[in-house]
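Be aware that the sequence shown starts at 187, since it is given in the working numbering, and climbs by one per residue.
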Amino acid sequence: MLTLRIEIIIHHNYESYYCDIFELILQNPNFIQNIKKLEFYIDCSLGFPHSSKWTIMFYQVNFEIMVHLDKAFEQLNVLKSVHIIYCTLNDSFAQQIVNLTKPFKLKSLFIDSTLQIMSLGLLLQKSDVYLESFAGYHGSDYDLSLKRKSLELIIKYCENIKFFNLCGFDKNLISLVSNLIENIKRYLNYLTIDICHLSNGSSIILQNSSVLN
């Protein structure tokens with residue numbers, strides 16, 4: 187098994203180093219295409235992608251300044267799963283993923299309110315049956331219509347969810363959340379819904395859903 191291990195010990199401007207790494211990957215496709223273990227390490231105080239066997243995990247990475255991600259992913263022929271954990275995403279990133287000619291095996295997507303609905307829709311549509319873990323934060327400042335649209339997208343594209351975490355639940359979304367649970371209950375193993383300012387919210391959701399049946 188070929189392993190590529192990259193360590194960066196730096197506290198500032200790490201984005202430029204990350205971009206340089208991807209440029210090198212693009213310039214050497216014959217070298218990178220058979221890599222099965224890709225490891226990124228940066229000083230522990232920084233969130234940055236790391237990986238294990240056939241897996242890449244991005245944690246708190248700012249993708250807004252990243253380019254040519256689609257070309258880099260195209261070279262990773264043996265990649266089996268991608269995990270995006272609370273990263274900064276935008277439409278440009280989502281479009282690069284959509285441009286991939288191969289499946290994007292996104293297994294985990296943990297997001298906060300900074301993700302645009304269009305970006306979320308593109309990511310969910312591209313990852314489709316691969317997505318197994320989803321966590322979303324919808325704070326009190328997050329528009330109700332956006333909360334509704336994000337849940338509708340999950341219902342539309344994600345049926346194989348095993349881990350679902352929703353933080354910032356709104357009482358106006360009880361019916362929609364119940365429908366979502368019904369849609370994913372076949373594979374669902376872990377469900378967390380953070381309910382604020384609604385004392386009987388949990389019982390209402392369970393009464394409206396046969397997820398426990």
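Using N, Cα and C, we set each Cβ at its ideal position, and we do this for glycine too.
Query	Result
Option in Thr-287, Lys-335, Lys-288, Leu-330 with minimal Cα separation from Ser-305	Lys-335
Residues sharing a beta bridge with Thr-241, DSSP	Ser-267
Continuous alpha helix (DSSP H) stretch holding Lys-312: start and end	303 to 313
Close beta carbons around Tyr-376, own chain, < 6 Å, minus the five adjacent residues each side	Phe-349
Cβ-Cβ separation, Phe-290 to Ser-319 (assumed contact under 8 Å), whole Å	The Cβ separation is near 15 Å, so there is no contact.
CB contact flag (Ile-242, Val-268, <7 Å)	yes
Neighbourhood of Phe-296 by C-beta, 6 Å cutoff - its chain only, sequence neighbours within 5 removed	Ile-271, Tyr-272, Ala-321
Cα-Cα separation between Tyr-316 and Asn-346, rounded to whole angstroms	7 Å
For Asp-329, the nearest candidate out of Gln-311, Ile-303, Cys-344 (CA to CA)	Ile-303
Outcome for Gln-282 when other beta-carbon atoms lying within 10 angstroms are tallied against a minimum of 16	buried
Asp-256 to Asn-358 span [Cα, whole Å]	38 Å
Span of the beta strand (DSSP E), counted from its first residue to its last, around Leu-295	292 to 297
Neighbourhood of Phe-279 by C-beta distance below 8 Å, restricted to the same chain and skipping five residues each side	Phe-249, Glu-250, Met-252, Leu-255, Ser-305
Check whether Leu-352 and Ile-370 have beta carbons under 7 Å apart	no
Asp-329 - DSSP class collapsed to helix/strand/coil	coil
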